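Taken in order, these protein sequences are the chains called A and B.
The working numbering applies: residue 347 is where the first sequence begins, and numbers increase by one.
The working numbering applies: residue 347 is where the second sequence begins, and numbers increase by one.
Beta carbons are placed, not taken as given, at the ideal position from N, Cα and C, and that holds for glycine.
Quantities reported herein were computed from a predicted structural model and do not represent experimental measurements.
Number of protein chains: 2
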Amino acid sequence: MIQKLLHEGVEVETSFDGYHAADFPEITAEKQGHRHPVHTVVVTHFELARMIERVNRRFASLLRTEMTKLGVEDVGPAQAMVLMAIGDVELSVGELLDRGHYVGSNISYYLKQLADGGYIDRVASQRDKRSARIRLTEKGEQLCANLRDAGGAYNRVLARDADDLRNLEIAFQTLHRLELVWGNAARYGI
Amino acid sequence: MIQKLLHEGVEVETSFDGYHAADFPEITAEKQGHRHPVHTVVVTHFELARMIERVNRRFASLLRTEMTKLGVEDVGPAQAMVLMAIGDVELSVGELLDRGHYVGSNISYYLKQLADGGYIDRVASQRDKRSARIRLTEKGEQLCANLRDAGGAYNRVLARDADDLRNLEIAFQTLHRLELVWGNAARYGI
DNA sequence: CAACTTACTTCAAATTTTGAAGTAAAATGA
DNA sequence: TCATTTTACTTCAAAATTTGAAGTAAGTTG
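Right, dumping it as structure tokens:
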């Protein structure tokens, strides 16, 4: 079922907000060699934003399901994302803030719940007693590991060959670019 | 400032959840021709999910800022996304649900606010009186147009040449694949 | 036409996110 | 050195978003 859907074509509307198609004459050329997208159209940042919103929603609900399966009741998917953001390193709240572009009070709130649930440890730094150092507990590590295990199946479906991997990587890098552009725009104006 | 940041390298951690790197010997080859990502690593779906969450957060806050600038006070960015999802077509609530993978009651709530704010019209369909047909009002069209205008600057920064466009398109298609895989997994299990 | 399904709405509750106002420690500087 | 400012975070209250269960009304089916 999934296999059937994976490589079907996508109809994307052509749009020109801020573009002039004539600026890019090369666009219809050089299509051989890789399994790159077939439809050559112009993707606006709004279309991307809407796509990102949808995909994010889907992932969150998948994560919720996975956590329910695992019997995790005391924290939600948003907190799990924080856990994954911490990963296997010890870091300060500030560093965590940067990792996820969270708002301070938001992370504070999540960390409180995660600490209450026994998923993380917070230790005041010796050097700077204002700074709380965060680290996963055994329980936190375990949840992350379980979620990563559950995720393995998706990785296998999504990245079947080198072309898939390349596309995933391009997607990742392109999203990172969006992150930078949108982030800087928020701070300094475009 | 933005220009400087656009093409800096990205350090991505290599991970192997569900992967065996040896499965992809081709991956280090064929790097010439296009400005494709330089670092050849394996992106897991979790890394992508975290990236998507971050980018989504950034966009939402950008949209909020843009709307504040425009003096829009009666609806938030989430409702604006619904407006953008409607676009210039007339559709039913069900179709809108599919367009954004929303939950029914959620959309119902947003549509109520959008209708109260005068951004949309809802007309009961003649054929099927259960089905509400939704369409942007003049005011709704205007907000969309303003937001699209504001977005033009981002499009120009994000899509400067054919390579950028290609990467944006690959990102779009790859996200669409995630959407399908995660969506189907939610319904039928992976 | 009774039973079921569809298309949507309403409501209450939970979750997530924001923003303003705190606190305490560190850095700065007269 | 000690008042002032800045940093790093927390708390709180309120708002926004999202969920899920229960409802309504119109179509569809046997």
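Does the distance from the C-beta atom of Leu-429(B) to that of Cys-490(B) stay below 8 Å? yes
Using beta-carbon positions only, say whether Ala-426(A) and Leu-409(A) come within less than 8 Å of one another. yes
To the nearest angstrom, how far is it from the Cα of Thr-520(A) to the Cα of Gly-417(A)? 35 Å
Would DSSP call Ser-407(B) helix, strand or coil? helix
Taking 8 Å as the cut-off, decide whether the C-beta atoms of Ala-505(B) and Leu-493(B) are in contact. no
For Leu-394(A), name the three-state secondary structure that DSSP assigns. helix
Expressed to the nearest angstrom, what Euclidean distance is found between the alpha-carbon atoms of Leu-437(B) and Ile-466(B)? 11 Å
With H, G and I counted as helix, E and B as strand and the rest as coil, what does DSSP make of Arg-512(A)? helix
Ser-438(A) by DSSP, collapsed to three states: which one? strand
Contact check, Phe-518(B) vs Glu-393(A), beta carbons under 8 Å: yes
Is there a Cβ from chain B that is less than 8 Å from the Cβ of Glu-515(A)? yes
Run down chain B in chain order and give the residues with a C-beta less than 7 Å from the C-beta of Val-389(A). Leu-514, Glu-515, Phe-518
Cβ shell of Arg-479(B) (< 8 Å), same chain only, five flanking positions each side left out: Glu-436, Leu-437, Ser-438, Arg-468, Val-469, Ala-470, Ser-471
Within the 8 Å Cβ cut-off, does Ala-426(B) reach chain A? no
Simplified DSSP assignment, three categories, for Ala-505(B): coil
Rounded separation between Glu-412(B) and Asp-495(B) - CA only: 11 Å
Let me know if Gly-486(B) comes out buried or exposed under the rule of 16 or more other beta-carbons within 10 Å of its beta-carbon. buried
Verify the CB distance criterion: does Arg-403(A) have a CB-CB separation below 8 Å to chain B? yes
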